[in-house]
Amino acid sequence: MLRASDLPLQYNAVHILEHNLATRAEKIALYSNERNLTFQQVSDQVNRVGNALQKLGVHFGETVAILNLDNAEWAISYFACLKIGAVAVGMNTLLKPHEHAYILNDSRARVLLVHASLLPAIDAVREQLLFLKNVVVIGSSTPLRSAQNDMVSYEEWIANESTELETAPTHRDDFCALNYSSGTTGEPKGIVHAHQDLPLTAQLWAVNVLGMRERDRTFATAKLFFTFGTGGNLVFPWYVGASCVLMSAPPRIATNVLETIQKFQPTIHFNAPTGYAAMLGMENFAQQYDLSSLRLCVSAGESLPAPVWQQWKEKTGVDIIDGIGCTEIWHIFISNSPNDIRPGSSGKPVPGMEVRIVDENFNDVKQGEVGNLLVKSETTALFYLHQAEKSRRTFLGEWLMTGDKYFVDADGYYWHAGRSDDMLKVGGIFVSPVEVESTLMSHPAVLECAVVGAPDAANLIKPKAFVVLKQGYNADANLQDALIAYCKEKMAEYKRPRGIEFVSELPKTATGKIQRFKLRG
Ligand code: 3UK
Numbered sequence: 009m010l011r012a013s014d015l016p017l018q019y020n021a022v023h024i025l026e027h028n029l030a031t032r033a034e035k036i037a038l039y040s041n042e043r044n045l046t047f048q049q050v051s052d053q054v055n056r057v058g059n060a061l062q063k064l065g066v067h068f069g070e071t072v073a074i075l076n077l078d079n080a081e082w083a084i085s086y087f088a089c090l091k092i093g094a095v096a097v098g099m100n101t102l103l104k105p106h107e108h109a110y111i112l113n114d115s116r117a118r119v120l121l122v123h124a125s126l127l128p129a130i131d132a133v134r135e136q137l138l139f140l141k142n143v144v145v146i147g148s149s150t151p152l153r154s155a156q157n158d159m160v161s162y163e164e165w166i167a168n169e170s171t172e173l174e175t176a177p178t179h180r181d182d183f184c185a186l187n188y189s190s191g192t193t194g195e196p197k198g199i200v201h202a203h204q205d206l207p208l209t210a211q212l213w214a215v216n217v218l219g220m221r222e223r224d225r226t227f228a229t230a231k232l233f234f235t236f237g238t239g240g241n242l243v244f245p246w247y248v249g250a251s252c253v254l255m256s257a258p259p260r261i262a263t264n265v266l267e268t269i270q271k272f273q274p275t276i277h278f279n280a281p282t283g284y285a286a287m288l289g290m291e292n293f294a295q296q297y298d299l300s301s302l303r304l305c306v307s308a309g310e311s312l313p314a315p316v317w318q319q320w321k322e323k324t325g326v327d328i329i330d331g332i333g334c335t336e337i338w339h340i341f342i343s344n345s346p347n348d349i350r351p352g353s354s355g356k357p358v359p360g361m362e363v364r365i366v367d368e369n370f371n372d373v374k375q376g377e378v379g380n381l382l383v384k385s386e387t388t389a390l391f392y393l394h395q396a397e398k399s400r401r402t403f404l405g406e407w408l409m410t411g412d413k414y415f416v417d418a419d420g421y422y423w424h425a426g427r428s429d430d431m432l433k434v435g436g437i438f439v440s441p442v443e444v445e446s447t448l449m450s451h452p453a454v455l456e457c458a459v460v461g462a463p464d465a466a467n468l469i470k471p472k473a474f475v476v477l478k479q480g481y482n483a484d485a486n487l488q489d490a491l492i493a494y495c496k497e498k499m500a501e502y503k504r505p506r507g508i509e510f511v512s513e514l515p516k517t518a519t520g521k522i523q524r525f526k527l528r529g
């Protein structure tokens with residue numbers, strides 16, 4: 009068991025990378041289509057980037073934003089921020105320009121490292137960015153310097169930097185990373201984590217529960233900007249001296265995932281239930297692709313239906329370890345384990361963390377009864393940035409209110425029973441029905457609407473919209489397509505309704521509140 013107090017007071021999580029230099033400097037730390045890098049090479053680049061950041065005037069405690077595909081530079085930039093005592097803001101590449109603007113302003117990042125392919129999304133809102141000064145462009149083939157001299161290509165930026173860099177004397181409680189998670193209404197919430205949270209989750213879950221070890225090679229479809237990805241595919245493997253495989257291509261295309269597994273031969277694969285269901289949806293995928301390197305799979309983000317677990321086992325022979333995690337705790341806190349799996353359940357509390365299931369008055373419910381899930385872990389964040397009220401309702405002293413409904417069976421396995429808010433988990437990513445509704449409402453044809461989660465063929469939840477049209481619009485398939493296309497344009501694509509049903513009215517309470525539960529069906 010590892011506790012926060014076992015770590016030195018002065019602790020910097022760059023140790024997770026650098027402890028590998030003593031014994032395995034020449035081992036490949038990171039595989040990718042673009043290039044492979046050894047621990048030594050990664051570490052040299054981290055030092056260069058750290059020096060370059062300091063030259064831009066980035067000080068201890070300041071934020072640095074990273075809007076990048078999953079590639080070597082993501083990992084390097086992240087650890088460079090940690091090493092100089094800055095806070096890495098891993099930005100969601102799937103969001104729209106106005107959301108990037110919100111995050112850059114809320115986090116007050118002065119420096120942004122951005123992939124060339126994502127630069128247009130920043131250019132579109134550049135005028136609105138109150139704090140951003142320097143933009144470093146990753147993956148640009150031509151040298152870049154804009155008129156204001158505030159944009160530079162990554163290669164040029166680090167070319168003459170030294171590979172020597174002092175580690176900032178961070179306290180183990182100092183913040184090192186900021187991730188944004190969407191809420192029920194309004195803007196995403198910034199969740200700040202400390203250096204200590206990384207080694208603690210690595211030890212308590214990845215080593216003690218999952219059994220990750222030096223000879224493993226990880227590959228996650230969860231992108232590095234989600235803590236599910238940062239942990240599973242970067243921090244945990246390097247903590248145990250294992251390697252990771254980074255894929256910059258979109259994970260929703262199942263063939264990208266299967267090709268990457270075949271080519272780089274990971275031993276542990278991290279995915280969301282939707283990802284496993286997508287691969288299972290391809291006939292003969294297990295014969296077409298060589299998946300024999302896999303010894304374990306992990307699923308998180310939403311519950312993994314037992315039939316998906318069973319089919320995956322039948323087709324590949326590999327067990328999927330389902331575990332529930334959240335950004336507030338950084339990673340998984342209830343989990344199955346390789347020698348103790350109950351398909352369909354989330355497993356048991358991770359040793360070193362505690363959970364409670366309580367009623368509205370915070371009394372523990374009886375075994376078998378559904379209640380609200382509280383979690384106690386030393387890795388829990390302390391607050392949401394700039395959201396005092398929401399923080400007070402969520403971070404209850406030692407206990408975190410997860411927003412999940414759970415029950416425990418007679419054998420001590422925990423079962424997810426939905427959320428206590430209206431939030432949907434779609435492909436493992438939060439979607440707010442309220443946001444989808446307000447987007448639809450801004451379309452000229454829509455009078456009223458309600459968005460709920462509807463199960464697909466694999467019993468995974470997808471957003472579905474019930475729409476009342478204004479007079480003069482035809483409730484036909486063209487308009488359904490047009491509304492979905494409209495949502496794709498206005499919001500991150502994954503939030504779009506997968507189905508639209510036209511209705512003449514919505515079920516409402518006497519006071520006019522829409523009764524979403526009546527539409528869930
Ligand atoms: C839901 C699950 C049932 C649940 C995450 C692993 O998903 C992660 O973080 P988010 O902050 O969302 C948290 C919420 O997602 N959920 C996650 N995993 C499961 N529900 N079964 C599961 N296995 O509602 C939770 O409150 O995006 C997952 C590791 C790190 C993470 N950040």
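Numbering (the numbering used here), first residue to last: 9 to 529.
No residue lacks a Cβ here, since even glycine has one placed at the ideal position from N, Cα and C.
Kindly identify the DSSP beta-bridge partner or partners of Val119.
Val72, Asn142
By a C-beta neighbour count over all protein chains shown, 10 Å radius and 16 as the cutoff for buried, is Lys433 buried or exposed?
buried
Work out the CA separation of Gly65 and Ala534 for me, nearest whole Å.
Any answer about residue 534 is impossible in this case: the structure gives the chain only from 9 up to 529.
If you follow the beta strand (DSSP E) that Arg225 is in, where does it begin and where does it stop?
According to the DSSP assignment, Arg225 belongs to the beta strand (DSSP E) that extends over 225-228.
Let me know if Asp205 comes out buried or exposed under the rule of 16 or more other beta-carbons within 10 Å of its beta-carbon.
buried
Segments of 3+ residues assigned as beta strand (DSSP E) that fall wholly inside the stretch 456-529:
Fully enclosed beta strand (DSSP E) runs of 3 or longer: 469-477, 507-510.
Determine the direct distance from the alpha carbon of Asp327 to that of Asn347, and round the result to whole angstroms.
10 Å
How close, in whole Å, do the beta carbons of Pro274 and Val253 come, if the pair is a contact with beta carbons under 8 Å?
5 Å
Three-state secondary structure (DSSP) at His179?
In this structure, His179 counts as strand in the three-state DSSP scheme.
Report whether the distance from the Cβ of Lys433 to the nearest heavy atom of the ligand 3UK is below 7 Å.
yes
Taking 7 Å as the limit between beta carbons, can you name the residues of its chain near Ala285, skipping five residues before and five after?
Val316, Ala466, Leu468
Going by the DSSP bridge assignment, what does Trp317 pair with across the sheet?
Answer is none; Trp317 lacks a bridge partner.
Applying the criterion that 16 or more other CB atoms from any shown protein chain within 10 Å of the CB defines a buried residue, is Gly376 buried or exposed?
exposed
Relative to the alpha-carbon of Thr31, which residue among Leu127, Gln48, Gly426 has its alpha-carbon at the smallest distance?
Cα-wise, what sits closest to Thr31 is Gln48.
What I want to know is whether the C-beta of Asp429 ends up closer than 7 Å to one or more non-hydrogen atoms of the ligand 3UK.
no
Would you call the CB atoms of Phe438 and Val383 closer than 8 Å?
no
Cβ neighbours of Leu29 in the same chain (closer than 8 Å, five flanking residues each side left out)
Phe47, Gln48, Ser51
Within 8 Å, strictly: CB atoms of Ala228 and Met220
no
Buried versus exposed, by CB contacts within 10 Å (16 or more), Gln18
exposed
Among residues of its own chain, excluding the 5 on either side of Glu443, which ones have a beta-carbon nearer than 8 Å to its beta-carbon?
So the qualifying residues of the chain are Ser190, Thr193, Met499, Lys503.
For Lys472, count the other beta carbons within 10 Å of its own beta carbon; 16 or more makes it buried, fewer makes it exposed. Which is it?
Buried, because 16 or more other Cβ atoms sit within 10 Å of the Cβ of Lys472.
With which residues is Phe438 paired in a DSSP beta bridge?
Lys433
Please report how far the alpha carbon of His108 lies from the alpha carbon of Leu137, in whole angstroms.
9 Å
Tell me where the beta strand (DSSP E) around Ala425 begins and ends.
422-427
Pull up the CB-CB distance for Ala250 and Thr226, whole angstroms please, since I reckon it's below 8 Å.
6 Å
Continuous alpha helix (DSSP H) stretch holding Lys398: start and end
396-402
Counting along the chain, where does the alpha helix (DSSP H) carrying Ile130 start and finish?
Segment 127-131, the alpha helix (DSSP H) holding Ile130.
With 16 other Cβ atoms within 10 Å as the buried cut-off, status of Met9
Here Met9 is exposed, its C-beta having fewer than 16 other C-beta atoms within 10 Å.
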